[in-house]
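All remarks here apply to the structure that follows.
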Amino acid sequence: MNPVPCDWVLYTTHIASEYVYAQFCAIIAGMPNVLPPLELDFPMLAACSHIASKLADAYHNPVAINFDMARYADLLHAMEKDALIFLDRPAVVCDKYGIIVLWYLPGAIDPLIQSDMMSTAEKMSSQLAKSVTQGPETNDKWRTHESNFHPSEHSIMPGCINLSPAWFLQAHPALKFHPEVLATLKGDVALRVMHPTLYWSSLGTALALGLWAADNQLDEMGECLRDWASVFTALAVICNRRSPLHRDPISRSQWFDGMTSVGTYGMGRMKMPNIGIEIVYDSGVMLAVSGRIVRHGMDEVNGD
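In our numbering, the protein residues as written are 4 to 307.
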């Protein structure tokens, strides 16, 4: 039974997530594919099958690294590796006890969804332009500082903005667009497989916010929640920015940060030196990693 109200856009997202989870389980168990839900159209069914296949490919390609995830959370300044393991195909990176630290899915975002995401980014040009800051760069301002952005070669405005269904409650103006189901689908359905506990926790948070908004007669917030297509309570849109090596200290060690990238660039690389990993980070990639523990960064690339 679907716990999400049927008038929420998230209702369809959850159906797709459960379908991908069932498909993934069937693939790794060598069982026949499950019947597709009638609520999903053909493009969405194709996207679900694609991501389920990529997740299974990664699961069947484990890469072991020699540290203890549980203890490493207290050792954030461990010595970084000089020689990095290079990944360019789907894989999971596991600690010495088999705990998954990183899911890596190159090619997870198919061309249709990549096109939708690029089109959506173009509609955010005004907000992206306003997000870039000037003046002296400080440790807490590098994410939006002008020195870390490069100009567009096409129509993508450099910048970094945050989206949330409750954004306006924090004294920010309500945005005129919301993530569509197909554009946010891959991250949500992948999280259902990668980290089921976090998926259900995030879904429960969204439903609890909906009840709270109804109890307090916050109609505008309720409307935003109904239009919000993702189990994630916040999303960041980053365009044409290099990212120095960093961690995400406000996250938790047991959570995954989900990242996807689309564009017209090539030769992208992301380094994670404190776990000894380097990955190809070209258009269409998806990964999930503990951002609090794993230092990650990406240099400037040619293209958008």
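The C-beta atom is built at its ideal place from N, Cα and C for all residues, glycine as well.
Which of helix, strand or coil DSSP assigns to residue i
i, result
"Asn151", "helix"
"Ile112", "coil"
"Cys9", "coil"
"Arg74", "helix"
"His299", "strand"
"Leu333", "Outside the shown range of the chain, which is 4 to 307, sits residue 333, and nothing can be said about it."
"Ile103", "strand"
"Gly162", "strand"
"Met121", "helix"
"Ala309", "For the chain, the structure presents residues 4 to 307; residue 309 sits outside this window and is missing."
"Ile18", "helix"
"Ala177", "Residue placement at Ala177 is flagged as unreliable, the pLDDT there being 47, under the threshold of 50; the coordinate-derived value follows with that caveat. Coil."
Check whether residue i and residue j have beta carbons under 9 Å apart
i, j, result
"Gln1", "Ile159", "The structure shown does not extend to residue 1, since the chain is modelled only from 4 to 307, so the question has no answer here."
"His53", "Asp113", "yes"
"Val292", "Leu58", "no"
"Arg195", "Gly213", "no"
"Met34", "Thr263", "no"
"Met301", "Ser246", "yes"
"Ala55", "Gln26", "yes"
"Leu13", "Ser233", "yes"
"Gly269", "Asn243", "no"
Whole-Å CB distance - residue i paired with residue j, under 8 Å assumed
i, j, result
"Thr136", "Lys126", "That pair is no contact at about 22 Å."
"Asn64", "Pro40", "With 8 Å as the limit, Asn64 and Pro40 do not qualify as a contact, their Cβ atoms being about 29 Å apart."
Residues of its chain near residue i, where Cβ-Cβ distance is below 7 Å and the 5 sequence neighbours each way are ignored
i, result
"Phe89", "Glu281"
Neighbourhood of residue i by C-beta, 8 Å cutoff - its chain only, sequence neighbours within 5 removed
i, result
"Tyr202", "Ser20, Asp191, Leu194, Arg195 and Val234"
"Asp251", "Asp260, Gly294 and Arg295"
"Arg272", "Glu281, Ile282, Val283, Tyr284, Met301 and Asp302"
Cut-off 6 Å between Cβ atoms - residues of its own chain near residue i, not counting five sequence neighbours on either side
i, result
"Asn69", "Lys99"
"Ile1", "Because the chain here runs from 4 to 307, residue 1 falls outside it and cannot be looked at."
Could you name each continuous beta strand (DSSP E) segment of 3 residues or more that falls completely within the region 254-286, going from the start of the chain to the end? 260-264, 272-275 and 280-283
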